[in-house]
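J.:
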Amino acid sequence: MDYLWIFTNFADMIAFDDNTWLWIDAHITDNPDKLRLKYASDPTLNDAVNQIDCRQRTASKLAVTLTNKRFRFPSTISAEQCTGDAIASIHAKMITRGSKVLDMTCGLGIDTFHIATGAAHVTACEINAEYAEVAEYNARTTGLENVKILNTDSVEYLHSLPDDSYDCIFIDPARRGEHGERVFAIDRCTPNVTSILPKMLSVAPIVIIKASPMLDVSHTIASLTNVAKVTAIGTDRECKELVIECRRNHTEQPILSAMTILGNVTANETTTIEFTQEDENNAMPETAPPVAGGWIYEPYAPVLKIAPFRYLCEKFGATKLDVNTHLYTAATPLPGFPGREMRITEVLDMNKRNMRDLSKRYPCIDVTTRNLPIKAAELTARLKVKPSGRLRLFGCTCQQLGRIMIVTEP
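The opening position of the sequence shown corresponds to residue 2 in the working numbering, with each subsequent residue numbered one higher.
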C-alpha cells in the first residue's frame, strides 16, 4: 500500500498566513461573538474567529491535539461533536501497533490521528468534502505522513476492497437520522454497521465500533455477530461511549469491560474491570447493612453501565446493601475497587424526624439516591441542604433496614 496523499480541493478553505495565526494566538481568550461583530466584513479574520471559538470550546477536551498551534476546525459543530484526546488515545491502544487501519468515519480526525501514532498506515474516509480537506491539512501540519484521507463514501470504498486489505477497521457511525433526529440503535446509525459487518470482517479480521452509551449492552451484542469484547468508557461521573470489538470467526462469549478515565487528559490514569456474563451469573453476592466506621463504594459510571453487580462482590469481597441497590460496603478499604470510596460516619433511618433534623447537623452535604422512588434533587429539596463538595449523603434502600440515609466523608 502506498503512502501518497490524496489531495482534495483546497479552494474553499481560506489559507492563513503567519500573521493570521499570530492574531489567533493574541486573541485566544477574547469573546468570539464580539470579535465576529468587529470583523464581520473580513472573511479571513471571520474564519480566524471561528478557530478561536473552537479552541475555547475544546481547550480541555483536545489539550493534546491543540499543542499543534495550526490545527484547524471546519466548523464549531465539529468541535462540539469530536472525540476527546483521552478517549481517542484509548481507541488507539485497542489497535495492535504496526497495523494497517481503515477509519470509515474520519470527521475532524481526532481518532484517525491518535491511531496513526501507533499504526503502520491509516486510510480515513470522509464523505464531507470540507471536512476531508481540513483533515488532510491537519494531518500534514501534525506531521503524520502515514495517513491518507479519502473524500469518499466509506461504504462504497469498503465494497471495492478485496479480503484482508486491512488489519483493523475503526468506525464511529453518525447518530443522526434522515431528518436530523438523534438516534442510538446501531442499525439506525449511518453507516448501518449491522448490514455491512460481514464485509468489514472480510476486509479486516478486527472491527472496532464506537457506539452510544445509551445502548443496552445485551441487545447490542445480540444485534451483531462475532462480538469479542464490549467496553464502556467514561469518567467517574459519566459513561461516554460503548466500544464493541468484533473479530472474524469469534464464537466465544464476549468479554465485558469498563474503563474509567481518572482526571488525566492523556488517559494514562485509568482503572479497568473485565468479566464475562458467565462470571456475573455465577457470582454469589451477599447483602449487609452499612455500619458507621466502615467503607462504602459507589461504582464509577462506566462500571454501572457494563453491570458487574454480582461480580464486584466476589472479586473484591464486598457486600451489597440490597440486590437492587448498587452500593457496596466493607469493614476495611478495598484496594482497586472501580468506584468512589467514602467513609461511613452515620447511618439514619429515613423518617420524618431524621430528615427534619439532618440539615441542622449537616447544612452542606451532597445527595445521591440509589434504589429510591425519588431523585437526588427532590431529596435535597426535602432535606433543605446545600451542596458540600466533600460530605455526601446516600439515600437508598437496604435489604435489612429499609429506606435509610448514609452520611459519608472522603
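Note that the Cβ used here is the ideal one computed from N, Cα and C, for glycine as well. Note that this is a predicted model, so its numbers are computed, not measured.
1. Assign Ser219 to one of two classes, buried (16 or more other C-beta atoms within 10 Å of its C-beta) or exposed (fewer than that).
2. For Lys385, which residues of its own chain have a beta-carbon under 6 Å away from its beta-carbon, when the five flanking residues on both sides are left out?
3. Going by other Cβ atoms of all chains shown within 10 Å of its Cβ, with 16 needed for buried, is Ser92 buried or exposed?
4. Return the CA-CA distance between Ile53 and Ile29, expressed in angstroms with no decimal places.
5. Who are Ile128's beta bridge partners in DSSP?
6. Once you ignore the five residues that flank Ile210 on each side, which residues in its own chain have a CB closer than 6 Å to its CB?
7. Measure the CB-CB distance between Cys55 and Ala80 and report whether it falls below 8 Å.
8. First and last residue of the alpha helix (DSSP H) that includes Tyr312?
9. With distances taken Cα to Cα, identify the nearest neighbour of Pro174 among Ser213, Thr142, Val204 and Tyr167.
10. Helix, strand or coil for Ala331 per DSSP?
11. Tell me which residue opens and which closes the alpha helix (DSSP H) that Met356 is part of.
12. On the DSSP bridge assignment, give the partners of Ser258 in chain order.
13. Quick check on this structure: which residue in Cys169, Ser166 and Val156 has the alpha carbon closest to the alpha carbon of Ser196?
14. If you follow the beta strand (DSSP E) that Asp323 is part of, which residue opens it and which one closes it?
15. Find out if the Cβ-Cβ distance for the pair Gln278, Leu257 is shorter than 8 Å.
16. Kindly indicate which residue of Glu131, Thr252, Glu242 and Arg73 has the alpha-carbon position closest to the one of Thr59.
17. Report the option in Lys149, Thr272 and Leu322 whose CA atom is closest to the CA atom of Val102.
18. Figure out for me which residue from Arg362, Glu410, Asn355 and Pro364 has the closest Cα to the Cα of Arg404.
19. Please confirm whether Glu410 has its beta-carbon closer than 8 Å to some beta-carbon of chain D.
20. Would a C-beta distance cut-off of 8 Å place Met95 and Pro192 closer than the cut-off?
21. Tell me which residue opens and which closes the beta strand (DSSP E) that Glu246 is part of.
22. Pick from Ser389, Cys399, Ile307 and Asn325: whose alpha carbon is nearest that of Met412?
23. Which residues in the same chain have their Cβ closer than 6 Å to the Cβ of Val368, if we skip the five residues on either side of it in sequence?
24. Going by DSSP, which residues form a beta bridge with Thr288?
25. Cα separation between Asn51 and Ala64?
26. Compare the C-alpha of Cys365 against each of Ala121, Arg391 and Thr271 and name the closest.
27. For Ile29, report the span of its alpha helix (DSSP H) as first-last.
28. Give me the DSSP bridge partner(s) of His122.
29. Can you give me the C-alpha to C-alpha distance between Lys200 and Arg238, rounded to a whole angstrom?
30. Please determine, among Ile111, Glu127, Leu162 and Asn20, the residue with the shortest C-alpha to C-alpha distance to Leu145.
31. If you measure between the beta carbons of Pro290 and Met343, is that distance less than 8 Å?
32. Please list, in chain order, all residues of the same chain as Asp164 whose beta carbon is under 8 Å from its beta carbon, the five residues on each side excluded.
33. In chain order, what residues of the same chain lie with their CB nearer than 8 Å to the CB of Leu67, ignoring the 5 residues before and after it?
34. Hey, would you say Cys107 sits closer than 8 Å to Glu134, going by beta carbons?
35. Classify Thr252 as helix, strand or coil using the three-state DSSP reduction.
36. Can you find the residues in the same chain that come closer than 8 Å, C-beta to C-beta, to Thr320, ignoring five residues on each side of it along the sequence?
T.: Short version:
1. exposed
2. Ser360
3. Here residue 92 is His; the residue named in the question, Ser, does not match the sequence. Classification for His92: buried.
4. 6 Å
5. None, per the DSSP bridge assignment.
6. Ile172, Val194 and Ile245
7. yes
8. Tyr312 to Phe317
9. Ser213
10. strand
11. Lys353 to Arg362
12. Thr232 and Glu275
13. Val156
14. Thr320 to Asp323
15. yes
16. Arg73
17. Lys149
18. Asn355
19. Protein chain content of the structure displayed is limited to a single chain, and chain D is not contained in it.
20. no
21. Cys240 to Arg248
22. For residue 412 there is no data in the structure shown, the boundaries of the chain being 2 and 411.
23. Ala377, Leu380, Thr381 and Leu394
24. Lys321
25. 18 Å
26. Arg391
27. No alpha helix (DSSP H) holds Ile29; DSSP gives it neither H nor E.
28. Lys101
29. 37 Å
30. Ile111
31. no
32. Ser203 and Val204
33. Arg56, Thr59 and Ala60
34. no
35. coil
36. Pro286, Glu287, Thr288, Ala289, Cys314, Tyr329, Thr330 and Ala331
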